[in-house]
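Worksheet: one structure, shown below.
Residue numbers (our numbering): 2 to 289.
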(Lines of atoms letter the chains of each structure in order from A; the text may use other names.)
(Lines give C-alpha, C1' and ligand atoms only; values in the text may rest on other atoms or scores of the structure.)
Protein backbone atom coordinates (compact mmCIF):
# COMPACT_ATOMS: atom_id res chain seq x y z
CA UNK A 2 0.00 0.00 0.00
CA UNK A 3 1.44 3.36 -1.04
CA UNK A 4 0.50 6.97 -0.27
CA UNK A 5 0.07 7.61 -3.98
CA UNK A 6 -2.68 4.95 -4.08
CA UNK A 7 -4.45 6.55 -1.12
CA UNK A 8 -4.19 9.95 -2.81
CA UNK A 9 -5.65 8.50 -6.01
CA UNK A 10 -8.50 6.89 -4.07
CA UNK A 11 -9.39 10.14 -2.30
CA UNK A 12 -9.15 12.21 -5.48
CA UNK A 13 -11.45 9.82 -7.37
CA UNK A 14 -13.97 10.02 -4.52
CA UNK A 15 -13.69 13.84 -4.36
CA UNK A 16 -14.04 14.39 -8.11
CA UNK A 17 -16.48 11.58 -8.86
CA UNK A 18 -14.58 9.97 -11.72
CA UNK A 19 -11.23 8.54 -12.74
CA UNK A 20 -10.98 10.91 -15.72
CA UNK A 21 -11.38 14.02 -13.56
CA UNK A 22 -9.02 12.59 -10.94
CA UNK A 23 -6.41 12.05 -13.65
CA UNK A 24 -6.63 15.73 -14.59
CA UNK A 25 -6.16 16.80 -10.97
CA UNK A 26 -3.25 14.41 -10.40
CA UNK A 27 -1.67 15.06 -13.82
CA UNK A 28 -1.51 11.43 -14.88
CA UNK A 29 -3.29 9.13 -17.30
CA UNK A 30 -6.60 7.46 -16.26
CA UNK A 31 -5.22 3.97 -16.98
CA UNK A 32 -2.54 4.47 -14.33
CA UNK A 33 -5.16 5.32 -11.69
CA UNK A 34 -7.30 2.34 -12.72
CA UNK A 35 -4.36 -0.06 -12.45
CA UNK A 36 -3.19 1.32 -9.09
CA UNK A 37 -6.67 1.16 -7.56
CA UNK A 38 -7.20 -2.40 -8.78
CA UNK A 39 -3.85 -3.32 -7.23
CA UNK A 40 -5.00 -1.75 -3.95
CA UNK A 41 -8.26 -3.68 -4.08
CA UNK A 42 -6.36 -6.94 -4.59
CA UNK A 43 -4.14 -6.16 -1.63
CA UNK A 44 -7.12 -5.39 0.58
CA UNK A 45 -9.11 -8.33 -0.71
CA UNK A 46 -12.28 -6.31 -1.23
CA UNK A 47 -13.70 -3.98 -3.90
CA UNK A 48 -13.49 -0.29 -3.08
CA UNK A 49 -15.76 0.69 -5.97
CA UNK A 50 -18.70 -0.78 -7.83
CA UNK A 51 -18.13 -0.27 -11.54
CA UNK A 52 -21.34 0.62 -13.34
CA UNK A 53 -20.72 1.10 -17.04
CA UNK A 54 -18.28 4.01 -17.25
CA UNK A 55 -19.17 5.25 -13.78
CA UNK A 56 -17.97 4.35 -10.32
CA UNK A 57 -19.79 4.09 -7.01
CA UNK A 58 -17.93 3.78 -3.72
CA UNK A 59 -18.59 0.45 -2.01
CA UNK A 60 -19.36 0.20 1.72
CA UNK A 61 -15.83 -1.08 2.28
CA UNK A 62 -14.55 1.82 0.18
CA UNK A 63 -16.34 4.34 2.37
CA UNK A 64 -14.75 2.86 5.49
CA UNK A 65 -11.30 2.72 3.91
CA UNK A 66 -11.64 6.28 2.56
CA UNK A 67 -12.03 7.62 6.08
CA UNK A 68 -8.78 5.96 7.12
CA UNK A 69 -7.05 7.10 3.93
CA UNK A 70 -8.10 10.70 4.62
CA UNK A 71 -6.65 10.50 8.13
CA UNK A 72 -3.40 8.99 6.85
CA UNK A 73 -2.99 11.68 4.17
CA UNK A 74 -3.76 14.39 6.72
CA UNK A 75 -1.17 12.92 9.08
CA UNK A 76 1.51 12.81 6.40
CA UNK A 77 0.81 16.46 5.55
CA UNK A 78 1.15 17.29 9.24
CA UNK A 79 4.48 15.43 9.35
CA UNK A 80 5.79 17.45 6.41
CA UNK A 81 4.79 20.70 8.11
CA UNK A 82 6.38 19.62 11.40
CA UNK A 83 9.84 19.09 9.85
CA UNK A 84 9.76 21.97 7.37
CA UNK A 85 12.91 24.09 7.90
CA UNK A 86 11.13 27.46 7.99
CA UNK A 87 7.68 26.21 9.09
CA UNK A 88 6.15 29.19 7.33
CA UNK A 89 2.47 28.96 6.35
CA UNK A 90 2.23 27.00 3.12
CA UNK A 91 0.35 24.16 1.47
CA UNK A 92 -3.38 23.49 1.58
CA UNK A 93 -5.70 25.13 4.11
CA UNK A 94 -9.31 23.92 4.11
CA UNK A 95 -11.65 26.28 5.95
CA UNK A 96 -15.40 25.84 6.39
CA UNK A 97 -17.96 28.42 7.48
CA UNK A 98 -21.68 28.90 7.78
CA UNK A 99 -22.99 31.09 4.97
CA UNK A 100 -23.58 34.16 7.13
CA UNK A 101 -19.92 34.20 8.14
CA UNK A 102 -18.62 33.34 4.66
CA UNK A 103 -20.74 36.09 3.10
CA UNK A 104 -20.82 38.80 5.74
CA UNK A 105 -17.52 38.53 7.61
CA UNK A 106 -14.85 36.64 5.68
CA UNK A 107 -14.41 38.18 2.20
CA UNK A 108 -12.04 41.00 3.24
CA UNK A 109 -10.17 38.75 5.65
CA UNK A 110 -9.69 36.06 3.00
CA UNK A 111 -8.31 38.64 0.56
CA UNK A 112 -5.94 39.92 3.25
CA UNK A 113 -4.81 36.40 4.13
CA UNK A 114 -4.19 35.50 0.49
CA UNK A 115 -2.13 38.65 -0.03
CA UNK A 116 0.02 37.91 3.04
CA UNK A 117 0.41 34.13 2.63
CA UNK A 118 0.66 33.43 -1.08
CA UNK A 119 2.20 29.99 -0.51
CA UNK A 120 -1.03 28.79 1.09
CA UNK A 121 -3.64 27.16 -1.13
CA UNK A 122 -6.80 28.31 0.64
CA UNK A 123 -10.13 26.55 0.10
CA UNK A 124 -13.41 27.79 1.60
CA UNK A 125 -16.56 25.70 1.79
CA UNK A 126 -19.93 26.42 3.36
CA UNK A 127 -22.49 24.20 5.05
CA UNK A 128 -24.68 23.75 8.10
CA UNK A 129 -22.99 23.93 11.48
CA UNK A 130 -23.53 20.21 12.13
CA UNK A 131 -22.03 19.24 8.76
CA UNK A 132 -19.03 21.54 9.23
CA UNK A 133 -18.25 20.23 12.72
CA UNK A 134 -18.48 16.68 11.39
CA UNK A 135 -16.06 17.57 8.58
CA UNK A 136 -13.43 19.02 10.93
CA UNK A 137 -13.93 16.12 13.35
CA UNK A 138 -13.11 13.67 10.54
CA UNK A 139 -10.16 15.75 9.23
CA UNK A 140 -11.95 16.76 6.02
CA UNK A 141 -11.52 20.42 7.01
CA UNK A 142 -8.72 22.11 8.96
CA UNK A 143 -10.98 24.58 10.76
CA UNK A 144 -14.55 25.87 10.70
CA UNK A 145 -16.54 28.91 11.83
CA UNK A 146 -20.02 28.21 13.20
CA UNK A 147 -22.55 30.02 15.39
CA UNK A 148 -22.90 27.33 18.06
CA UNK A 149 -20.93 26.67 21.23
CA UNK A 150 -20.99 22.93 21.96
CA UNK A 151 -18.62 20.18 23.04
CA UNK A 152 -17.47 17.79 20.31
CA UNK A 153 -15.01 14.96 20.97
CA UNK A 154 -11.53 15.84 19.77
CA UNK A 155 -12.34 19.46 18.89
CA UNK A 156 -10.99 22.68 20.36
CA UNK A 157 -12.78 26.00 19.95
CA UNK A 158 -12.38 29.72 20.49
CA UNK A 159 -14.89 32.58 20.30
CA UNK A 160 -14.13 34.87 17.36
CA UNK A 161 -16.85 37.51 17.41
CA UNK A 162 -20.42 38.17 18.49
CA UNK A 163 -22.99 38.60 15.72
CA UNK A 164 -25.76 41.08 16.59
CA UNK A 165 -29.20 40.28 15.21
CA UNK A 166 -31.21 42.58 12.96
CA UNK A 167 -34.85 42.13 11.97
CA UNK A 168 -35.27 43.29 8.38
CA UNK A 169 -38.50 44.22 6.59
CA UNK A 170 -39.46 46.08 3.45
CA UNK A 171 -40.12 49.77 3.97
CA UNK A 172 -43.62 49.14 2.59
CA UNK A 173 -44.51 47.18 5.74
CA UNK A 174 -44.20 50.23 7.97
CA UNK A 175 -42.29 50.27 11.28
CA UNK A 176 -41.91 47.11 13.39
CA UNK A 177 -42.06 47.96 17.10
CA UNK A 178 -42.73 44.56 18.67
CA UNK A 179 -43.14 40.85 17.97
CA UNK A 180 -46.87 41.45 17.52
CA UNK A 181 -46.13 43.55 14.43
CA UNK A 182 -44.98 40.37 12.67
CA UNK A 183 -48.48 38.89 12.85
CA UNK A 184 -49.74 38.01 9.37
CA UNK A 185 -46.36 38.59 7.72
CA UNK A 186 -44.36 35.87 5.97
CA UNK A 187 -41.09 35.07 7.76
CA UNK A 188 -38.10 33.79 5.78
CA UNK A 189 -35.30 31.97 7.61
CA UNK A 190 -32.82 29.15 7.22
CA UNK A 191 -34.16 25.70 8.05
CA UNK A 192 -34.64 24.23 11.52
CA UNK A 193 -31.33 23.93 13.36
CA UNK A 194 -30.08 27.40 12.40
CA UNK A 195 -29.19 29.26 15.63
CA UNK A 196 -30.51 32.55 14.23
CA UNK A 197 -33.84 30.93 13.42
CA UNK A 198 -33.97 29.47 16.93
CA UNK A 199 -33.41 32.94 18.42
CA UNK A 200 -36.37 34.28 16.42
CA UNK A 201 -38.60 31.33 17.31
CA UNK A 202 -37.88 31.76 21.02
CA UNK A 203 -38.54 35.51 20.83
CA UNK A 204 -41.88 34.94 19.12
CA UNK A 205 -42.79 32.25 21.65
CA UNK A 206 -42.08 34.54 24.58
CA UNK A 207 -44.55 36.99 23.06
CA UNK A 208 -47.12 34.27 22.32
CA UNK A 209 -46.69 34.52 18.58
CA UNK A 210 -46.88 31.33 16.50
CA UNK A 211 -45.98 32.59 13.07
CA UNK A 212 -45.13 29.97 10.39
CA UNK A 213 -41.60 30.25 9.05
CA UNK A 214 -40.65 29.60 5.43
CA UNK A 215 -37.32 27.78 5.10
CA UNK A 216 -34.85 29.13 2.52
CA UNK A 217 -31.23 27.95 2.55
CA UNK A 218 -29.72 31.10 1.03
CA UNK A 219 -29.26 34.58 2.47
CA UNK A 220 -29.28 36.01 -1.03
CA UNK A 221 -32.73 34.53 -1.64
CA UNK A 222 -33.97 35.57 1.81
CA UNK A 223 -32.85 39.16 1.29
CA UNK A 224 -34.39 39.12 -2.20
CA UNK A 225 -37.77 38.07 -0.79
CA UNK A 226 -37.65 40.78 1.87
CA UNK A 227 -36.59 43.42 -0.67
CA UNK A 228 -39.56 42.44 -2.86
CA UNK A 229 -41.90 43.13 0.07
CA UNK A 230 -42.82 39.46 0.52
CA UNK A 231 -42.05 39.30 4.25
CA UNK A 232 -39.46 39.73 7.00
CA UNK A 233 -36.37 37.95 8.33
CA UNK A 234 -33.91 37.99 11.21
CA UNK A 235 -30.32 38.16 9.98
CA UNK A 236 -26.89 38.53 11.59
CA UNK A 237 -25.44 42.03 11.37
CA UNK A 238 -22.77 40.89 8.91
CA UNK A 239 -25.47 40.00 6.39
CA UNK A 240 -27.34 43.24 7.10
CA UNK A 241 -24.21 45.29 6.41
CA UNK A 242 -23.42 43.30 3.27
CA UNK A 243 -26.82 43.74 1.65
CA UNK A 244 -28.56 46.81 3.09
CA UNK A 245 -27.16 49.35 0.62
CA UNK A 246 -30.09 50.20 -1.69
CA UNK A 247 -32.00 47.08 -0.67
CA UNK A 248 -35.28 48.90 -0.01
CA UNK A 249 -35.72 47.49 3.48
CA UNK A 250 -35.20 48.68 7.04
CA UNK A 251 -33.40 47.01 9.94
CA UNK A 252 -34.74 46.84 13.49
CA UNK A 253 -32.96 45.76 16.66
CA UNK A 254 -34.65 44.56 19.85
CA UNK A 255 -32.89 44.17 23.22
CA UNK A 256 -34.36 40.68 23.67
CA UNK A 257 -32.76 39.49 20.44
CA UNK A 258 -29.26 39.25 21.86
CA UNK A 259 -26.17 38.57 19.81
CA UNK A 260 -24.84 35.07 19.06
CA UNK A 261 -21.18 34.11 19.33
CA UNK A 262 -19.41 32.71 16.28
CA UNK A 263 -16.61 30.28 17.12
CA UNK A 264 -13.65 28.75 15.33
CA UNK A 265 -13.22 24.97 15.76
CA UNK A 266 -10.21 22.80 14.92
CA UNK A 267 -9.11 19.27 15.72
CA UNK A 268 -6.90 18.90 18.79
CA UNK A 269 -4.96 16.06 17.13
CA UNK A 270 -4.24 17.92 13.90
CA UNK A 271 -0.79 18.88 15.20
CA UNK A 272 1.14 21.96 14.17
CA UNK A 273 -0.40 23.66 11.16
CA UNK A 274 1.22 27.05 10.42
CA UNK A 275 -1.36 27.99 7.77
CA UNK A 276 -4.29 27.31 10.11
CA UNK A 277 -2.55 29.02 13.03
CA UNK A 278 -1.89 32.11 10.91
CA UNK A 279 -5.53 32.15 9.82
CA UNK A 280 -6.74 31.89 13.43
CA UNK A 281 -4.37 34.66 14.52
CA UNK A 282 -5.64 36.91 11.73
CA UNK A 283 -9.25 36.16 12.71
CA UNK A 284 -8.55 37.18 16.31
CA UNK A 285 -6.73 40.35 15.27
CA UNK A 286 -9.45 41.32 12.79
CA UNK A 287 -12.37 40.99 15.15
CA UNK A 288 -10.76 41.92 18.45
CA UNK A 289 -9.63 45.13 16.84
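We put the CB at the ideal spot given by N, CA and C, even for glycine.
Beta carbon of residue 223 nearer than 7 Å to that of residue 185: no
Meets three-Cβ-pair contact criterion under 8 Å: the stretch 142-160 and the stretch 168-188: no
Identity of the residue in 89, 111, 77, 269 nearest residue 277 by Cα: 89
Beta-carbon proximity check, residue 275 vs residue 136, cutoff 7 Å: no
Collapsed DSSP secondary structure at residue 2 in the structure displayed: coil
Residue(s) in a DSSP beta bridge with residue 169: 232, 250
At least 3 beta-carbon pairs within less than 8 Å: the stretch 63-76 vs the stretch 88-108: no
Straight-line gap, residue 25 to residue 112 (C-alpha atoms, nearest Å): 27 Å
Rounded distance between the beta-carbons of residue 125 and residue 249, thought under 8 Å: Actually they do not touch by this definition, with Cβ atoms about 29 Å apart.
C-alpha gap between residue 211 and residue 167, whole angstroms: 15 Å
Close Cβ partners of residue 230 (< 7 Å) along its chain, the five nearest in sequence each way excluded: 186
Unbroken stretches of the alpha helix (DSSP H), 4 residues or longer, contained in the stretch 90-117: 99-104, 107-116
Secondary structure of residue 163, DSSP reduced to three states: strand
Of the residues 140, 18, 66, 59, the one placed nearest residue 4, counting alpha carbons only: 66
Span of the alpha helix (DSSP H), counted from its first residue to its last, around residue 222: 219-227
Under the three-state DSSP convention, the category residue 123 falls into: strand
Status (buried if at least 16 other CB within 10 Å, exposed otherwise) for residue 2: exposed
Residue closest to residue 69, alpha-carbon to alpha-carbon, out of 145, 6, 18: 6
Residue burial classification, residue 130 (beta-carbon count within 10 angstroms, cutoff 16): exposed
Per-residue burial, residue 234 [other beta carbons within 10 Å of its own, 16 or more giving buried]: buried
Whole beta strand (DSSP E) elements within the stretch 5-60, 3-residue minimum: 49-52, 55-58
Cβ neighbour criterion (16 or more within 10 Å) applied to residue 270: buried
DSSP state of residue 206 mapped onto helix, strand, coil: helix
Three-way DSSP call (helix, strand, coil) for residue 213 in this model: strand
Limits of the alpha helix (DSSP H) - the one that residue 238 falls within: 237-243
Proximal residues to residue 200 (C-beta, below 7 Å), its chain only, five neighbours per side dropped: 189, 234
Neighbour-count burial assignment, residue 114, 16 or more Cβ in a 10 Å radius: exposed
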